[in-house]
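Report on the following structure.
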Amino acid sequence: MTTGSTDLIFLGTGTSSGVPSVPCLTDPNPSCKVCLSTLEPEGVKNIKRNTSAMVHFMHEDGRERNILIDCGKSFYESARQWYRHHNLRCIDALVITHAHADAYYGMDDLRSWCLLDKENPYSIPVYLDQSTMDIVTTTFPYMVDSSKATGGGDIPSFKYNIIEHDKDFVVEGITFTPLPVHHGKYMSTGEPFWSLGFRFKDLSWVSDCSHIPDSTTAKIAGSKVLVIDGLKEVPHCSHFSIPEAVEYTNNLDPKPERAFIVGFCHTVDHYAEDAKLRALDSEGAPEIRIAYDGQRFTF
18 MTTGSTDLIF
28 LGTGTSSGVP
38 SVPCLTDPNP
48 SCKVCLSTLE
58 PEGVKNIKRN
68 TSAMVHFMHE
78 DGRERNILID
88 CGKSFYESAR
98 QWYRHHNLRC
108 IDALVITHAH
118 ADAYYGMDDL
128 RSWCLLDKEN
138 PYSIPVYLDQ
148 STMDIVTTTF
158 PYMVDSSKAT
168 GGGDIPSFKY
178 NIIEHDKDFV
188 VEGITFTPLP
198 VHHGKYMSTG
208 EPFWSLGFRF
218 KDLSWVSDCS
228 HIPDSTTAKI
238 AGSKVLVIDG
248 LKEVPHCSHF
258 SIPEAVEYTN
268 NLDPKPERAF
278 IVGFCHTVDH
288 YAEDAKLRAL
298 DSEGAPEIRI
308 AYDGQRFTF
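Read in order, the letters of the sequence shown correspond to residues 18 to 316 in the working numbering.
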């Protein structure tokens, strides 16, 4: 169980490739204003690593807890920048949304957190569905079966917990409700690729979606805070656009009090898009904002 408030810290708010795009920075004739802006202090909020967050709270036993949502390719850089800034240290659990590189490719970097206390190595509990587990096993066999490790380096230690799309699960005293959504389609069959969002306490997290089934919307409705995918201004085959994210948020009944859009590509200027959303503020409507790396709020 938790005591007091819970904080969510965005460790990343970008899409898989992140922002800035290095080819934009090295272009002999640079034209990408968003990527170039990241070279100046005034453009810092346009630096966006793989979408990820830390759920931080005080447990009833008096020790702080940190639950990591997704651990993608840029996790190490996110942690290097934001851990000390937000006075974080441990990782008590990892919850994975889906089997794409921007959600789990950083798992190897968690070896350091498993060895915070070298006298008592820690196995981090990982919560993921079976399809994601299968991909993790193929990609990182030594993380599932340590006998497959090579060389003499440290490897992370995990306790895998398979979650089902229709059943709640509990992590460090917090109940998580899975929110199954479409995240594009398989090229070969046209069948939807499923990703998971999660509702916990009064927040719903849906970081990668192209379609949200009605059954999932019913579980989201009533959340006070919504974190939702919004890749760019125009439609995309595997992500909500920003206008789709805004429309979905405003159509929820009851509506959330606040919403944060995440998952941006390098065509999205944080400052310009956030100004557009602020201009839409009205009485009775959700406060919708563009999230940024390092942002922290209480819910």
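Ideal Cβ placement from N, Cα and C applies to all residues, glycine included.
- By the C-beta density criterion, Pro197 is buried, having at least 16 other C-beta atoms within 10 angstroms.
- Annotated as proximal: Asp270 and Ala238, with beta-carbon spacing under 9 Å.
- For His287, the secondary structure class from DSSP, reduced to helix, strand or coil, is helix.
- Taking C-alpha positions only, Gly21 is separated from Gln98 by approximately 27 Å.
- In this structure, Asp119 lies away from Tyr93, with their beta-carbon atoms at least 9 Å apart.
- Residue environment for Asn268: exposed (fewer than 16 other C-beta atoms within 10 angstroms of its C-beta).
- Remark: C-beta atoms of Asp310 and Gly29 approach each other more closely than 9 Å.
- Rounded to the nearest whole angstrom, the C-alpha separation of Gly201 and His115 is 12 Å.
- Between Thr156 and the set Glu264, Asp109, His182, Gly123, the nearest pair of CA atoms involves Gly123.
- Just so you know, the alpha carbons of Ser148 and Thr192 end up roughly 22 Å apart.
- Here the alpha carbon of Cys131 sits roughly 6 Å from the alpha carbon of Pro138.
- Per the C-alpha coordinates, the member of Ser38, Thr154, Leu297 positioned closest to His283 is Ser38.
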